[in-house]
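Residue numbering for the sequence shown follows numbering that gives the first Met the number 0, beginning at 0 and increasing consecutively.
Yeah, the Cβ is synthetic: ideal placement off N, Cα and C, and Gly gets one too.
Source: prediction; values computed, not measured.
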Amino acid sequence: MPFGLTNAPASFQNLLNDIFSDFLDLFVVVNLDDIMGFYRSPKEQVKHVASVPQRLRDNNFFSKASKCVFHASSVEYLGYLVSSEGLKMDSPKAQQIFNWPQPKNIKALQSFLGFANFHHCVIKTYSKTISDLTSLLKKDSPLIFNEEALS
């Protein structure tokens, strides 16, 4: 591992990517210590479900049973609800967007847009929805929230 704590997460991610290289994006997604298996059918699940813990053991890593979830039709992963229907934002995060106070200045607007942009993959018609707000960021544009920008 390269010297220094700042490199530790990247080195750990690289190590797990190497360990699961032949599984990645076929039926496993790895984000640091969060490993998710996904399967298209029960038959495929039976075939692969034991391979992830086994691969961890083969490389002297161990998963804590109380933190594992098996045979779930949906699961919370990295702040999203993941199911066969796709990604959804979990309720508390969605509520944050709706409860966000109206920005009073450019910096506050940028903060909101940054938060919303992080979740753009689960916001339908994101670019269309956000275009009126991003136009307020233009130089010499007054920060006036009209009906279009607020909707």
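Counterpart residues of residue i in DSSP-defined beta bridges
| i | result |
| --- | --- |
| residue 27 | 23, 36 |
| residue 73 | 82 |
For residue i, the three-state DSSP class (helix, strand or coil)
| i | result |
| --- | --- |
| residue 85 | strand |
| residue 62 | coil |
| residue 51 | helix |
| residue 68 | coil |
8 Å Cβ cutoff met for residue i and residue j
| i | j | result |
| --- | --- | --- |
| residue 31 | residue 8 | yes |
| residue 15 | residue 28 | no |
| residue 76 | residue 33 | yes |
| residue 54 | residue 18 | yes |
| residue 96 | residue 142 | no |
Sequence-distant residues of its chain with Cβ nearer than 8 Å to residue i (five each side left out)
| i | result |
| --- | --- |
| residue 86 | 79, 80, 120, 121 |
Sequence-distant residues of its chain with Cβ nearer than 7 Å to residue i (five each side left out)
| i | result |
| --- | --- |
| residue 89 | 75, 78, 79, 80 |
| residue 45 | none |
| residue 73 | 80, 81, 82 |
What are the start and end residues of each continuous alpha helix (DSSP H) run of 4 or more residues lying completely inside the stretch 96 to 148, in chain order?
105 to 117, 125 to 134, all fully within the stretch 96 to 148.
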